[in-house]
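Enquirer:
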Amino acid sequence: MDYVIQQTVNALSLGGIYAMLALGLAIVFSIVRLINFAHGEIMTVGGYGVFAATVFGLPIPLAVASGVFAAVFAAVAMERVAFRAMRGASVVSLLITSFAISEILKVLFQNGISARPKPIQLPAALSGSYEVGAITVGVIPTISIVTTLLALLGLTLFLRRTETGMAMRAAAEDFEMLRLLGVRADRVVAAAFALSGLLAGIAAVMWTAQRGSVDPLMGFFPVLKAFIATVLGGLGSLSGAILGGFFVGAVEVFSQAFLPDSLSPYRDAIVLSTVIAVLLVRPDGLVPAVKVDRS
Amino acid sequence: MLSVTGLDVHYGPVHALKGVDIAVAPGSVTALLGANGAGKTTALMAIAGARPVTRGAIRFDGRDITGMRAEDIIRLGIGVVPEGRRVFASLTVEENLAVAGSLAADKAVSAARRAAMMERFPILAERRTQRAGLLSGGEQQMLAIARALMAAPRLLLLDEPSLGLAPLMVDRVFDLIAELKAEGLAMLLVEQNVPLSLEIADRVAVLANGRVSVAGTAAELGESEAIRGAYMAA
Ligand SMILES: Nc1ncnc2c1ncn2[C@@H]1O[C@H](COP(=O)(O)OP(=O)(O)OP(=O)(O)O)[C@@H](O)[C@H]1O
Ligand SMILES: [Mg+2]
Chain A
73 MDYVIQQTVN ALSLGGIYAM LALGLAIVFS IVRLINFAHG EIMTVGGYGV
123 FAATVFGLPI PLAVASGVFA AVFAAVAMER VAFRAMRGAS VVSLLITSFA
173 ISEILKVLFQ NGISARPKPI QLPAALSGSY EVGAITVGVI PTISIVTTLL
223 ALLGLTLFLR RTETGMAMRA AAEDFEMLRL LGVRADRVVA AAFALSGLLA
273 GIAAVMWTAQ RGSVDPLMGF FPVLKAFIAT VLGGLGSLSG AILGGFFVGA
323 VEVFSQAFLP DSLSPYRDAI VLSTVIAVLL VRPDGLVPAV KVDRS
Chain B
698 MLSVTGLDVH YGPVHALKGV DIAVAPGSVT ALLGANGAGK TTALMAIAGA
748 RPVTRGAIRF DGRDITGMRA EDIIRLGIGV VPEGRRVFAS LTVEENLAVA
798 GSLAADKAVS AARRAAMMER FPILAERRTQ RAGLLSGGEQ QMLAIARALM
848 AAPRLLLLDE PSLGLAPLMV DRVFDLIAEL KAEGLAMLLV EQNVPLSLEI
898 ADRVAVLANG RVSVAGTAAE LGESEAIRGA YMAA
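Taken in sequence, the protein lines are chains A and B.
Once you know that position 72 of the first sequence is 144 in the working numbering, the rest is easy, because the numbers rise by one and skip nothing.
Once you know that position 34 of the second sequence is 731 in the working numbering, the rest is easy, because the numbers rise by one and skip nothing.
1) Quick one: which chain A residues come within Cβ less than 7 Å of I771(B)?
2) Does the beta carbon of A930(B) sit closer than 8 Å to a beta carbon anywhere in chain A?
3) Using the C-alpha atoms, what's the distance from P213(A) back to F818(B)?
4) Where in the region 715 to 770 of chain B do unbroken runs of the beta strand (DSSP E), each at least 3 residues long, occur, reported from the N-terminal end onward?
5) Classify L178(A) as buried or exposed, calling it buried when 16 or more other Cβ atoms lie within 10 Å of its own Cβ.
6) Does R241(A) come within less than 8 Å of chain B when only Cβ atoms are used?
7) May I ask you to report which of helix, strand or coil DSSP gives M290(A)?
8) Could you give the first and the last residue of the continuous beta strand (DSSP E) run that contains S268(A)?
9) Would you be able to state if there are at least three C-beta pairs under 8 Å between the region 125 to 138 of chain A and the region 97 to 114 of chain A?
10) With a Cβ-Cβ cutoff of 8 Å, do V359(A) and G317(A) count as a contact?
11) Starting from the Cα of E791(B), find the closest Cα among A812(B), P779(B), V706(B) and G703(B) and give me that residue.
12) Use the C-beta contact count for Y708(B): other C-beta atoms within 10 angstroms, 16 or more gives buried, fewer gives exposed.
13) Rank T220(A), G291(A) and P133(A) by C-alpha distance to the C-alpha of P195(A) and give the top, closest one.
14) Check each candidate in A161(A), G112(A) and E175(A) and name the one with the smallest Cα separation from A147(A).
15) If the cut is a Cβ gap below 9 Å, which residues of chain A does P749(B) touch?
16) Which residues in chain B have a C-beta closer than 8 Å to the C-beta of D246(A)? List them in chain order.
17) Around ligand 1, which residues pass a check of Cβ closer than 6 Å to any of its heavy atoms?
18) Within the same chain, show all residues whose beta-carbon is closer than 8 Å to that of T789(B), passing over the 5 residues directly before and after it, in chain order.
19) Chain B beta carbons: is any one of them nearer than 8 Å to that of M158(A)?
20) M73(A) by DSSP, collapsed to three states: which one?
21) Near R339(A), what residues of its chain come up, given a Cβ to Cβ distance below 7 Å and the 5 sequence neighbours on each side ignored?
22) Taking 8 Å as the threshold (C-beta atoms), are L704(B) and M745(B) in contact?
23) Any C-beta of chain A within less than 7 Å: which residues of the region 846 to 877 of chain B qualify?
24) If you count every other CB in all the chains shown that lies within 10 Å of the CB of D856(B), and 16 or more means buried, which is it?
25) Does the CB of E113(A) have a neighbour CB from chain B at under 8 Å?
26) Report the CB separation of L93(A) from P294(A) in whole angstroms; it is logged as a contact under 8 Å.
27) According to the neighbour-count rule (16 or more other Cβ atoms, all chains shown, within 10 Å of its Cβ), is A931(B) buried or exposed?
28) Pull out every residue of the region 798 to 817 of chain B whose Cβ sits closer than 9 Å to any Cβ of chain A, in chain order.
29) Can you find a heavy atom of ligand 2 that lies under 7 Å from the Cβ of E857(B)?
Encoded structure:
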């Protein structure tokens, strides 16, 4: 029983990270129809942001802020430098552009920083665990779950209550119409990228806290899972991305925890097979996106 | 107030508008009529900056707005009620208005305008927290008009606001257009309902296959066969 609960905590913590990454992808896709392959590098930049702060011996809250800020900056700069000029380009051109950015950034990390993992020192208190009754729960997974829930709550409030949030929802439905109301497209798109960077930054902090290091490929695998989560949830659907993220996290953790060791090399295959099975039944994903197609 | 001269628009190989001239005088209504596919929507969207213009000039209040971005044109004081209404279905009625009000200088102005719209359109006030996608066609049309008015435009572009509405609702829409005209708002009205449009319009232009085939005052054209002829042509 203990073990099941511990694994559930792990599944929620990992799923939460996937959910935040998937949400960032979904927000950007819903508005600019860009499947951003460089999202993983935004996360990696966040990881290096944390690393830089620890190198300078800054306290934890500042290291967290540094990681999140670095990711937001990377996302906004990416939009400004590369994607803005390509507004309205085909989905394929955008996709290839994001591939190129992803590759360039990876090379920059490898040659500019190091190809090898950089360790991140965390205070001992964080790497510990605590007891609830007879159950041992890790501190970091707990923080990770709480943070994810707060981030999701904050995002929901932002999208529901603020004018920018409403504009983003409207843009996901019919961007041209939004512009025909005088709302500046550039601002809405910049906000979407900033938000995706914010979520990737939070995910990066959680990830580095659990792994204790950062390397040039850090963002690659979690974002790959997040891609799967967005497709599973329904491309462009925000609630679908969240659901998909937790689903992928759960399948991954539980398949590792409860399947015989001999099957562990097939973990990713199991995750993907499950996803394919779901998509066969629901081709538009778990929660299909609302969108008006006008072309 | 608005003058369009020699306007050309292409969709790839399709030459949708060929040297179109349209004018709207301050406080007046110009009706733009024509058969399906004549190019009415294209003309309206080109004026609003949402279709690329290949030739010609669009001037608003004497200022050349050709090639400007849609959002900048709208900000000069042009409102758009698009074909098919295009309300944001997953947003509530109030949110639809709030999004449109976000260019008002401050929140108080936006809130005041929203309140004014609720007063003017009691149906919207009743449905304020409902998703726009759940409204009836007529209600959605009212919302689309209210949304365009949120920015307090000086010129309103309306694309077939009566399309697909029940007769009672058609009358309401036209009453509203008459009211707006009485308040001094200039309008360019694309319509299929010729009799009602002729009643409300000062000037009329008829598009056929991307060209203006007939143009003149509503009084001149009201009697003529030219309008019916243009409709039958395509
Ligand atoms: N996005 C587009 N791509 C290619 N061709 C288009 C596009 N939009 C319109 N057209 C073509 O341009 C011409 C004018 O279309 P437009 O929609 O402006 O006509 P309309 O007068 O508004 O017709 P309706 O009364 O049906 O609304 C038509 O031949 C149409 O097929
Ligand atoms: Mg049309």
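Beta carbons: idealized from backbone N, C-alpha and C, even for Gly.
Expert: Well, looking at it:
1) The residue labelled residue 771(B) in the question sits at position 74 within the second sequence. Per Cβ cutoff of 7 Å: L252, L253 and G254.
2) Translated into the one-based positions of the second sequence, residue 930(B) becomes position 233. Per-residue confidence for A930(B) stands at a pLDDT of 47, beneath the threshold of 50, marking its modelled position as unreliable; the derived number appears in the next sentence. No, A930(B) lies away from the interface with chain A (no Cβ there is under 8 Å from its Cβ).
3) As a first step, residue 818(B) is located in the second sequence; it is residue number 121 there, counting from the start. As a first step, residue 213(A) is located in the first sequence; it is residue number 141 there, counting from the start. Roughly 52 Å between the two C-alpha positions.
4) Within the region 715 to 770 of chain B, the complete beta strand (DSSP E) runs of at least 3 residues are 726 to 731 and 752 to 757.
5) Position 106 of the first sequence, counted from the first residue, corresponds to residue 178(A). Looking at the sequence shown, residue 178(A) is not Leu but Lys. Per the 10 Å Cβ criterion, buried.
6) Here residue 241(A) refers to the residue found at position 169 when the first sequence is read from its first residue. Yes, R241(A) lies at the interface with chain B (some Cβ there is under 8 Å from its Cβ).
7) In the first sequence, residue 290(A) corresponds to position 218, counting from 1. Coil, per DSSP.
8) Within the first sequence, numbered from 1, the residue matching residue 268(A) stands at position 196. Element bounds for S268(A): not the beta strand (DSSP E) but the alpha helix (DSSP H), A257 to R283.
9) Taking a contact to require three or more Cβ pairs closer than 8 Å, the region 97 to 114 of chain A and the region 125 to 138 of chain A do not qualify as touching.
10) Taking the first sequence and counting its residues from 1, the one referred to as residue 359(A) is at position 287. Taking the first sequence and counting its residues from 1, the one referred to as residue 317(A) is at position 245. No. Outside cutoff.
11) Within the second sequence, residue 791(B) is the residue found at index 94, counting from 1. Taking E791(B) as reference, the option from A812(B), P779(B), V706(B) and G703(B) with the minimal CA-CA separation is A812(B).
12) Residue numbering aside, residue 708(B) sits at position 11 when the second sequence is read from its first letter. With fewer than 16 Cβ atoms within 10 Å of its Cβ, Y708(B) is classed as exposed.
13) Along the first sequence, read from residue 1 onward, the residue named residue 195(A) stands at position 123. Of T220(A), G291(A) and P133(A), the residue nearest in Cα terms is P133(A).
14) Position 75 of the first sequence, counting from 1, holds the residue named residue 147(A). Checking every option, the nearest Cα to that of A147(A) belongs to G112(A).
15) Walking along the second sequence from the start, residue 749(B) turns up at place 52. None at all; the shortest Cβ gap to chain A is about 11 Å.
16) By 1-based counting over the first sequence, the position of residue 246(A) is 174. Residues of chain B passing the Cβ test: R783 and F785.
17) Y708(B), V711(B), A713(B), G731(B), N733(B), G734(B), A735(B), G736(B), K737(B), T738(B), T739(B) and E780(B)
18) In the second sequence, the residue the question calls residue 789(B) occupies position 92. Cβ within range, chain order: R825, T826, Q827, R828 and A829.
19) By one-based count along the first sequence, residue 158(A) stands at place 86. Not an interface residue.
20) Taking the first residue of the first sequence as 1, we reach residue 73(A) at position 1. Correct three-state label for M73(A): coil.
21) Looking up residue 339(A) in the first sequence gives position 267. Hits under 7 Å: E324, S327 and Q328.
22) Residue 745(B) sits at position 48 when you count from the first residue of the second sequence. Residue 704(B) sits at position 7 when you count from the first residue of the second sequence. The question names Met, yet the displayed sequence has Ala at residue 745(B). For A745(B) and L704(B), no; Cβs fall outside 8 Å.
23) A848
24) Taking the second sequence and counting its residues from 1, one reaches residue 856(B) at position 159. Classification for D856(B): buried.
25) Translated into the one-based positions of the first sequence, residue 113(A) becomes position 41. Not one chain B Cβ lies under 8 Å of E113(A).
26) As a working mapping, residue 93(A) is identified with position 21 in the first sequence. As a working mapping, residue 294(A) is identified with position 222 in the first sequence. L93(A) to P294(A), Cβ: 6 Å. Contact.
27) Along the second sequence, one-based indexing puts residue 931(B) at 234. Residue placement at A931(B) is poorly supported in this model, since its pLDDT is 41, which falls under 50; the coordinates still yield a value, given next. By the Cβ-count criterion, A931(B) is exposed, with fewer than 16 other Cβ atoms from all chains shown falling within 10 Å of its own Cβ.
28) G798, S799, L800, K804 and S807
29) Position 160 of the second sequence, counted from the first residue, corresponds to residue 857(B). At least one heavy atom of ligand 2 is nearer than 7 Å to the Cβ of E857(B), so yes.
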